[in-house]
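Novice: First the structure, then my questions, so here it is.
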Amino acid sequence: MPTEQEQEQVQTVNQAVNLLVQAAQLAQKRGAYNLDEAALLSQAINVLTASSEDTSELNALEPSDESAEE
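Here the sequence shown stands for residues 14 to 83, where the numbers follow the working numbering.
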């Protein structure tokens, strides 16, 4: 089990995008952006999260390689 001093590693694109979205949301909560910047970031986050949801839905609909072999 990792110690508290060890940091988690970002290993996938999805993890990286999620981490960046969380960082932008945290910075917004702390007042780091003006209204125009916050609106633009919100749009970008919506595009990224919609894209990842669409990809997840498509992956769930695609037959797995195992079922194709049967």
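Heads up, the beta-carbon is just placed ideally off N, CA and C, and yes, glycines get one too.
This structure is a prediction, so every number in the text was calculated from the model and none was measured.
Cα separation between Leu53 and Val34?
Specialist: C-alpha separation (whole angstroms): 13 Å.
Novice: Can Ala37 and Ile58 be called in contact, C-beta distance under 9 Å?
Specialist: Result yes, Cβ atoms of Ala37 and Ile58 sit closer than 9 Å.
Novice: Buried or exposed: which applies to Ala29, given that a residue is buried once 16 or more other Cβ atoms fall within 10 Å of its Cβ?
Specialist: So Ala29 ends up on the exposed side.
Novice: May I ask you to report which of helix, strand or coil DSSP gives Gln22?
Specialist: In this structure, Gln22 counts as coil in the three-state DSSP scheme.
Novice: Give the DSSP-derived three-state secondary structure of Asn47 in the structure shown.
Specialist: Residue state, collapsed to three classes: coil.
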